[in-house]
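Asker: Got a structure for you, written out below as structure tokens; questions coming shortly.
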Amino acid sequence: MWSWVLHRITGVAIFFFLLVHILDTALVRVSPEAYNAVIGTYQTPIMGLGEVALVGAIVFHAFNGLRIILIDFWSKGTKYQKVMFYVVIALWVITMLGFTPRHLINVFSH
Amino acid sequence: MSQTLDAPRTPVRPARKKGVNWEKWGWIYMRVSGVVLVVLIFGHLFMNLMVGDGVSAIDFAFVGGKWASPFWQWWDVAMLWLALIHGGNGMRTLVNDYARGPKLRAAFKVAILASVAILILLGTLVVFTFDPCPVGQPADLLPSFCAA
Amino acid sequence: MSTAVIDEAAPAPTPEVIESFTVTVIIRRFDPEVDEQPKWVDYDVEMFATDRILDALHKIKWEQDGSLTFRRSCAHGICGSDAMRINGRNRLACKTLIKDLDISKPIYVEAIKGLPLEKDLIVDMDPFFESFREVQPFLIPSSKPGAGKERIQSVADRARFDDTTKCILCAACTSSCPIFWTDGQYFGPAAIVNAHRFIFDSRDDAAKVRLDILNDQEGVWRCRTTFNCTDACPRGIQVTQAIAEVKQAIMRGKP
Amino acid sequence: MTQDPSDSTIIDGVHYHQFDIVIVGAGGAGMRAAIEAGPGARTAVISKLYPTRSHTGAAQGGMAAALANVEEDSWEWHTFDTVKGGDYLVDQDAAEILAKEAIDAVIDLENMGLPFNRTPEGKIDQRRFGGHTSDHGKAPVRRACYAADRTGHMILQTLFQNCVRLGINFFNEFYVLDVIMSDVDGVEQPAGVVAYELSTGELHVFHSKAIIFATGGFGKIFKTTSNAHTLTGDGVGIIWRKKLPLEDMEFFQFHPTGLAGLGILLTEGARGEGAILRNASGERFMERYAPTIKDLAPRDIVARCMVKEVAEGRGAGPNKDYVYLDCTHLGAEVLETKLPDITEFARTYLGVDPVTEPVPVMPTAHYAMGGIPTNVKAEVLRDNTTVVPGLYAAGECACVSVHGSNRLGTNSLLDINVFGKRAGNNAVEYVQTAEFLPLPEDPAKEVRETIEGIRANAGGERIAVLRRELQEQMDMKAQVFRTDESLAEVTETIHQLRDRYRNISVQDKGRRYNTDLLEAVELGFLLDLAEVVVFSARNRKESRGGHMRDDYPDRDDENYMKHTMAYLTGDPLSSDAADHIRLDWKPVVMTRYQPMERKY
Ligand SMILES: Cc1cc2nc3c(=O)[nH]c(=O)nc-3n(C[C@H](O)[C@H](O)[C@H](O)COP(=O)(O)OP(=O)(O)OC[C@H]3O[C@@H](n4cnc5c(N)ncnc54)[C@H](O)[C@@H]3O)c2cc1C
Ligand code: HEM
Ligand code: SF4
Ligand code: F3S
Ligand code: FES
Chain A
1 MWSWVLHRIT GVAIFFFLLV HILDTALVRV SPEAYNAVIG TYQTPIMGLG EVALVGAIVF
61 HAFNGLRIIL IDFWSKGTKY QKVMFYVVIA LWVITMLGFT PRHLINVFSH
Chain B
1 MSQTLDAPRT PVRPARKKGV NWEKWGWIYM RVSGVVLVVL IFGHLFMNLM VGDGVSAIDF
61 AFVGGKWASP FWQWWDVAML WLALIHGGNG MRTLVNDYAR GPKLRAAFKV AILASVAILI
121 LLGTLVVFTF DPCPVGQPAD LLPSFCAA
Chain C
1 MSTAVIDEAA PAPTPEVIES FTVTVIIRRF DPEVDEQPKW VDYDVEMFAT DRILDALHKI
61 KWEQDGSLTF RRSCAHGICG SDAMRINGRN RLACKTLIKD LDISKPIYVE AIKGLPLEKD
121 LIVDMDPFFE SFREVQPFLI PSSKPGAGKE RIQSVADRAR FDDTTKCILC AACTSSCPIF
181 WTDGQYFGPA AIVNAHRFIF DSRDDAAKVR LDILNDQEGV WRCRTTFNCT DACPRGIQVT
241 QAIAEVKQAI MRGKP
Chain D
1 MTQDPSDSTI IDGVHYHQFD IVIVGAGGAG MRAAIEAGPG ARTAVISKLY PTRSHTGAAQ
61 GGMAAALANV EEDSWEWHTF DTVKGGDYLV DQDAAEILAK EAIDAVIDLE NMGLPFNRTP
121 EGKIDQRRFG GHTSDHGKAP VRRACYAADR TGHMILQTLF QNCVRLGINF FNEFYVLDVI
181 MSDVDGVEQP AGVVAYELST GELHVFHSKA IIFATGGFGK IFKTTSNAHT LTGDGVGIIW
241 RKKLPLEDME FFQFHPTGLA GLGILLTEGA RGEGAILRNA SGERFMERYA PTIKDLAPRD
301 IVARCMVKEV AEGRGAGPNK DYVYLDCTHL GAEVLETKLP DITEFARTYL GVDPVTEPVP
361 VMPTAHYAMG GIPTNVKAEV LRDNTTVVPG LYAAGECACV SVHGSNRLGT NSLLDINVFG
421 KRAGNNAVEY VQTAEFLPLP EDPAKEVRET IEGIRANAGG ERIAVLRREL QEQMDMKAQV
481 FRTDESLAEV TETIHQLRDR YRNISVQDKG RRYNTDLLEA VELGFLLDLA EVVVFSARNR
541 KESRGGHMRD DYPDRDDENY MKHTMAYLTG DPLSSDAADH IRLDWKPVVM TRYQPMERKY
């Protein structure tokens, strides 16, 4: 139940981010200044934290997505669905531990 | 979530007409694209956020540098298509689940379809018509190879 | 001093009288002839640890308020009458023992969700049985066995669909499915379970028909593997597994 | 699911429907009849429960038929076992039909889709059950066809599935409360039934040419019972109130292995698979009583031995009030695959794991051998021989009598299939030529008055209190052991309860889903039936099958080798039962087997 709620929320969140992200990237066609101005806002500390959240969402959605795929296609998937959910959480924690410090240093050291 | 529905299991929507079964293929697509997207998105995030100075290194020059290579061009276009259709189809599921009434439902779906279609078109055009060294722009904003 | 006497007394034999205690049950009540909206009502009942929620409901109905309305029959989990939401989970009242709940807090009891509420803990089951009927839940063989003879079925073939033969049509699964709550058009897990029972029966020859019915907008593809149904099933049926097997069968085009 | 046919009309708030055949009850017997009747005539099945909630679904162990799939067997042996098991009070012509048609009944179910357990060759598997023997009692035989310990569940589901296939008209959660009788040339004949619709509180009249009663048992006259809360004997009670006779009501079966204190059944199939009854000291006490077939002796014998063990101080537990069913030597594998449900019942309700511990058990009220007398065509009788045209009964509510004074395990699932089918077929044949009888002026009048009477009653008595007292007294004084004294006492109690019943009040005054009101109606039936049971029991001064008199411990063939027929003759409320119940006898049909002492 909760894995599904999270998957859904993260999916929607990523979708809306993606819409914005394509629009801002499209600014490279307008002019380098325009693009740099927008992308500059991504580098502020507040957005930096937002990016952590975004990456967290993507990572969860991705790992849990793989879990769902295993449930669907692996004959023992339903049996181990709970175990796999804990694995998803564990992998998520590990990934975020690898990413967050590195990213925040990048954001705050500039 | 509401307690009850007025009429559960009354077929308000007509049964599926013969032809391609979008439900099934949509379902399969979600899974196939999901697997591919893991690779694409993780690669993308890794390149942009982890390598070098991460997010603070991203600017016009960075993008220009990447898209100079067809490899990254195709990478990003694939990601664009797969992710948008994946996300769009996912949003359609949500609309089916939560939106009540045929009109509201149709409106949402049109909106999703339109935004996905426009963005795919826009994104693809941007990537392929992108000129990393536009004329008349300050050289310090451009990728280093423009000077050559 | 009186305490000394007690101290000196031989150790009391292990108490044979089992202790009872007071449990607060809060029931979501609704009388369509009077109430606009359902309301939560508290009841205190004297219970034993080995009593079931059904006993508590009976005690309330029989001793406190005869107007409390719920369905029940067999009282031991085989007729499927009394699926309800107990502390937020779908269960059979007759299979939920007081001792398995945290009785330091009140116990919340309400009707299952997603089907039209009729009165107190009773919902309209007709839509539920309607989706059951739609999946053609009966054996459709293409050949006739010899007169006065059974069809032959190997032990392994019989075991293939054993799990889904256990269904008692209690609706605990369907009414716990978040997809069914928001959009009651979904066939729901119970119907799929009963289709599964025939799709994988080696004696049946109409799997294609049922797979086609479930390969629909409101069919198996709506299932988002939330597992609520599996958690709710009082018969321990691996409902999500059954749904997954039906999805696989649709993709293969045969059971 | 409820389909109101278009010709239903409403007059003065009462709905009128017309069907050729009306079947009351959607358990095994009712739905088996419907499968025959549906395709041949316009049929309606009226049931107070959704069909799949019927108590046939609780049956566990199996259904007997001499298929001889695993060892030599014959329907003659099956007939003999049935006759002997019923302590020779069985009508042997009926038993022969039961045993012969058993084979087709099982095959029919298999062909309809029932998932029986299979032998290695893929045939229907069979197992042992109490009282079923080879070659007239030589050794236990494998005769019970089964689907794990969910045979009844599978039968109920399979029959329901086939009713869905045939598009049978169901009227679910409709309580039939009366049969409409019309006078035809001075003879009362059924013209339809009156039903109360639970969801609306409205009354429905079903005008029909033929009526099949399949309303199941009435175990709720007892406190400790394997029966469902809804088994209140409404059908039998309705027939009784119409002054039609009831047969052999004193014979009620107490199943040996109910979970102690709860009454939830553990199938005899457990003993069929090898489980053993033990007393407190661990002794296998059945060896003393039935040296040949031990724990697989018929139920009446085993139940009596268990009660004896406890009475003589060899009971187990803190109060020495139960014995053990020991399954530990069967191993987890057998328990999980062949007896999964009862294993779970013991775990859930007693917290005892049969794999490692013996399970506390005591006899539980289980099955009514008696009921509405019918002939082998399932036609209801108004005396020993005369048929009531158009009225049929099948299943536990009926008494054919294939079970005599004690039913053998697995013979009831058989009974509902064999005689359910017969009832359906014969009803179809009957309605081909029969006419609809005219309905009286206001056919629902009586039911309306009863219902409104109860609703308006402002007395102080609570239904649950009266019911509890009835059940406790019946358990104490009319259960496995009975004496003239105990039966006299409980008769007295019933009269007092009857008086108090006039002062009941229901708290729910509403129309929609008023289960409070219906519990009151059901209690009325329970009181009536309990009285007949006790009155008939007092009159039979012998011990036979399920009826055991402490003061007359022996079987008395000279005086009592005959069926009891009870008739309601006067005002049921009169204080002395003898003023309104007349008892009569009906001879037992004997064809082949002469009564012998019953030794196992
Ligand atoms: C726990 C248990 C285990 C058993 N195990 C076995 C076994 O292993 N083998 C075996 O052979 N037998 C077994 N039996 C006995 C057997 O299951 C029953 O005798 C048999 O199923 C009765 O079937 P039925 O169709 O007559 O009645 P039921 O299945 O009880 O059906 C009665 C029907 O009548 C309806 N009804 C009742 N009153 C009314 C009314 N007023 N208006 C409308 N409808 C009404 C009910 O809704 C229900 O649909 C077992 C019994 C029990 C209790
Ligand atoms: C990173 C790799 C990804 C994987 C492995 C993945 C996997 C999945 C899967 C398997 C589903 C189907 C869930 C179901 O049917 O129950 C799904 C749903 C969804 N995905 Fe993704 N996805 C990924 C990336 C994305 C991206 C980038 C977006 C945003 C554009 C997205 C948005 C959605 C949405 C909105 C849903 C619908 C959620 C729902 O119905 O509950 N996903 N994803
Ligand atoms: S699958 Fe389980 S929960 Fe669902 S209806 Fe059947 S028994 Fe009930
Ligand atoms: S709860 Fe619903 S979403 Fe699927 S796994 Fe069960 S049917
Ligand atoms: S009362 Fe039959 S399942 Fe609970």
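In order, the protein sequence lines correspond to chains A, B, C and D. Once you know that position 79 of the first sequence is 79 in full-length UniProt numbering, the rest is easy, because the numbers rise by one and skip nothing. Once you know that position 118 of the second sequence is 118 in full-length UniProt numbering, the rest is easy, because the numbers rise by one and skip nothing. Once you know that position 20 of the third sequence is 20 in full-length UniProt numbering, the rest is easy, because the numbers rise by one and skip nothing. Once you know that position 484 of the fourth sequence is 484 in full-length UniProt numbering, the rest is easy, because the numbers rise by one and skip nothing. Note that beta-carbon positions come from the ideal geometry of N, C-alpha and C, so glycine has one too.
Residues of chain C with a CB under 8 Å from the CB of residue 84(A): which are they?
Answerer: Here residue 84(A) refers to the residue found at position 84 of the first sequence. None at all; the shortest Cβ gap to chain C is about 11 Å.
Asker: Pull up the DSSP beta-bridge partners for residue 374(D), would you.
Answerer: Numbered from its first residue, the fourth sequence carries residue 374(D) at position 374. Residue pairing by DSSP places residue 374(D) opposite 380(D) in a beta bridge.
Asker: Within 10 angstroms of the Cβ of residue 496(D), are there 16 or more other Cβ atoms? Answer buried if so, exposed if not.
Answerer: Taking the fourth sequence and counting its residues from 1, the one referred to as residue 496(D) is at position 496. Residue 496(D) is exposed by the Cβ-count criterion.
Asker: Pull up the distance between the alpha-carbon of residue 86(D) and that of residue 249(D), whole angstroms please.
Answerer: In the fourth sequence, counting from the first residue as 1, residue 86(D) sits at position 86. In the fourth sequence, counting from the first residue as 1, residue 249(D) sits at position 249. When rounded, the distance between both Cα atoms is 14 Å.
Asker: DSSP state of residue 34(C), grouped into three classes?
Answerer: As a position in the third sequence, residue 34(C) is number 34, starting the count at 1. Of the three classes helix, strand and coil, the one that applies to residue 34(C) here is coil, per DSSP.
Asker: Which residues in chain A have a C-beta closer than 8 Å to the C-beta of residue 123(B)? List them in chain order.
Answerer: The residue labelled residue 123(B) in the question sits at position 123 within the second sequence. Correct list: 22, 25, 26.
Asker: Closer than 8 Å, CB to CB, is residue 112(D) near chain C or not?
Answerer: Position 112 of the fourth sequence holds residue 112(D). It does; some Cβ of chain C falls within 8 Å.
Asker: Quick check: is the beta carbon of residue 47(B) nearer than 8 Å to any beta carbon in chain A?
Answerer: The residue labelled residue 47(B) in the question sits at position 47 within the second sequence. Not closer than 8 Å to any Cβ of chain A, the Cβ of residue 47(B) fails to qualify, so no.
Asker: Taking the alpha-carbon positions, what's the residue 138(C) to residue 235(D) distance?
Answerer: Here residue 138(C) refers to the residue found at position 138 when the third sequence is read from its first residue. Here residue 235(D) refers to the residue found at position 235 when the fourth sequence is read from its first residue. Their Cα atoms are separated by approximately 30 Å.
Asker: With residue 121(B) as the anchor, note down where its alpha helix (DSSP H) starts and where it stops.
Answerer: Taking the second sequence and counting its residues from 1, the one referred to as residue 121(B) is at position 121. It spans 102 to 129 - the alpha helix (DSSP H) in which residue 121(B) sits, taken as one unbroken run.
Asker: Give every residue of the same chain whose Cβ lies closer than 6 Å to the Cβ of residue 8(C), excluding the five residues on either side of it in the sequence, and list them in chain order.
Answerer: Stepping through the third sequence from its first residue, residue 8(C) is reached at position 8. Because residue 8(C) sits at a pLDDT of 40, beneath the cut-off of 50, its placement in the model cannot be relied upon, and the point is left open.
Asker: Do we get a CB-CB distance below 8 Å when we pair residue 111(B) with the residues of chain A?
Answerer: Taking the second sequence and counting its residues from 1, one reaches residue 111(B) at position 111. Taking a beta-carbon distance threshold of 8 Å, residue 111(B) does not count as an interface residue toward chain A.
Asker: What do you reckon, is the C-beta of residue 93(C) under 7 Å from a heavy atom of ligand 5?
Answerer: For the purposes of this step, residue 93(C) is identified with residue 93 of the third sequence, where counting begins at 1. Relative to ligand 5, residue 93(C) has its C-beta within less than 7 Å of a heavy atom.
Asker: So, does the CB of residue 255(C) fall closer than 8 Å to a CB anywhere in chain B?
Answerer: The residue given as residue 255(C) occupies position 255 in the third sequence. Closer than 8 Å: no.
Asker: Using the Cβ count rule (16 or more neighbours within 10 Å means buried), how would you classify residue 13(B)?
Answerer: Indexing the second sequence from 1 puts residue 13(B) at position 13. Reliability of the predicted coordinates at residue 13(B) is poor, the pLDDT of 44 falling under 50, and the value obtained from them is presented with this limitation in mind. Exposed: under 16 other Cβ atoms inside 10 Å.
Asker: If residue 524(D) sits next to residue 365(D), beta carbons under 8 Å apart, how far is it from one beta carbon to the other, in whole angstroms?
Answerer: Along the fourth sequence, read from residue 1 onward, the residue named residue 524(D) stands at position 524. Along the fourth sequence, read from residue 1 onward, the residue named residue 365(D) stands at position 365. Rounded, the Cβ-Cβ distance is 20 Å, inconsistent with contact.
Asker: Just tell me which of 276(D), 264(D), 130(D), 530(D) has its CA closest to the CA of residue 487(D).
Answerer: Working through the fourth sequence from its first residue, we reach residue 487(D) at position 487. For residue 487(D), the nearest C-alpha among the options comes from 530(D).
Asker: Name the DSSP beta bridge partners of residue 565(D), please?
Answerer: On the fourth sequence, position 565 is the one that residue 565(D) refers to. Residue 565(D) pairs with 247(D), 584(D).
Asker: List the residues of chain B that residue 250(C) touches, going by C-beta distances under 8 Å, in chain order.
Answerer: Along the third sequence, read from residue 1 onward, the residue named residue 250(C) stands at position 250. Within chain B, the residues near residue 250(C) are 24.
Asker: Classify residue 258(C): buried if its beta carbon has 16 or more other beta carbons within 10 angstroms, exposed otherwise.
Answerer: Because residue 258(C) is not part of the residues shown, which for chain C are 1 to 255, the question remains open.
Asker: Closer than 8 Å by C-beta to residue 215(C): which residues in its own chain qualify, once you throw out the five before and the five after it? Chain order, please.
Answerer: As a working mapping, residue 215(C) is identified with position 215 in the third sequence. Contacts found: 221, 250.
Asker: Identify the continuous beta strand (DSSP E) that holds residue 184(D) and give its terminal residues.
Answerer: Taking the fourth sequence and counting its residues from 1, one reaches residue 184(D) at position 184. Residues 174 to 184.
Asker: Exposed or buried, which one is residue 163(C) when buried takes at least 16 other CB atoms within 10 Å?
Answerer: If you number the third sequence from 1, residue 163(C) lands on position 163. Flag for residue 163(C) reads buried.
Asker: DSSP state of residue 461(D), grouped into three classes?
Answerer: To locate residue 461(D), count along the fourth sequence from 1; it is residue 461. Strand, per DSSP.
Asker: Tell me, please, whether the CB atom of residue 29(A) is closer than 8 Å to any CB atom in chain B?
Answerer: By 1-based counting over the first sequence, the position of residue 29(A) is 29. At a cut-off of 8 Å between beta carbons, residue 29(A) contacts chain B.
Asker: If you compare alpha carbons, which of 83(B), 43(B), 142(B) is closest to residue 13(A)?
Answerer: Working through the first sequence from its first residue, we reach residue 13(A) at position 13. If we check each option's Cα against that of residue 13(A), 83(B) comes out closest.
Asker: Between the stretch 161 to 177 of chain D and the stretch 467 to 486 of chain D, can you find at least three pairs of beta-carbon atoms closer than 8 Å?
Answerer: Too few Cβ pairs lie closer than 8 Å, so no.
Asker: What does the alpha-carbon distance come out to for the pair residue 97(B) and residue 183(C)?
Answerer: Stepping through the second sequence from its first residue, residue 97(B) is reached at position 97. Stepping through the third sequence from its first residue, residue 183(C) is reached at position 183. Cα to Cα, residue 97(B) sits roughly 6 Å from residue 183(C).
Asker: Going by the C-beta, is residue 114(C) closer than 7 Å to any heavy atom of ligand 3?
Answerer: The sequence position of residue 114(C) within the third sequence is 114, counting from 1. Checking every heavy atom of ligand 3 against the Cβ of residue 114(C), none is found closer than 7 Å.
Asker: Measuring alpha carbon to alpha carbon, tell me which of 440(D), 387(D), 568(D) ends up nearest residue 180(D).
Answerer: What you label residue 180(D) is simply residue 180 of the fourth sequence in a count that begins at 1. Ranking 440(D), 387(D), 568(D) by Cα distance to residue 180(D) puts 440(D) first.
Asker: For residue 68(B) and residue 20(A), I'd like the C-alpha separation in whole angstroms.
Answerer: In the second sequence, the residue the question calls residue 68(B) occupies position 68. In the first sequence, the residue the question calls residue 20(A) occupies position 20. So the two alpha carbons sit approximately 23 Å from each other.
Asker: Please tell me whether residue 10(C) has its Cβ less than 8 Å away from any Cβ of chain B.
Answerer: Walking along the third sequence from the start, residue 10(C) turns up at place 10. Legend: pLDDT at residue 10(C) = 39, less than 50; position of this residue unreliable, value from coordinates given subsequently. Residue 10(C) does not count as touching chain B.
Asker: With a CB to CB cut of under 7 Å and the five nearest residues on each side skipped, what residues in its chain are close to residue 60(D)?
Answerer: Along the fourth sequence, one-based indexing puts residue 60(D) at 60. 149, 150, 151, 152, 265, 267, 269, 341, 342, listed in sequence order.
Asker: Looking at C-alpha atoms only, which residue of 429(D), 317(D), 177(D) is the closest neighbour of residue 362(D)?
Answerer: Walking along the fourth sequence from the start, residue 362(D) turns up at place 362. Sorting 429(D), 317(D), 177(D) by C-alpha distance to the C-alpha of residue 362(D) places 317(D) at the top.
Asker: Three Cβ pairs or more, each shorter than 8 Å: is that satisfied between the stretch 541 to 558 of chain D and the stretch 197 to 213 of chain D?
Answerer: no
Asker: Output needed for residue 1(B): all residues of its chain with C-beta closer than 7 Å, excluding positions within five of it in sequence on either side, in chain order.
Answerer: Counted from its first residue, the second sequence places residue 1(B) at position 1. Caution is warranted here: a pLDDT of 34 is assigned to residue 1(B), below 50, making its placement in the model unreliable, and the coordinate value is therefore given only provisionally. Cβ-Cβ distances below 7 Å link residue 1(B) to nothing in the same chain once the five nearest sequence neighbours on each side are left out.
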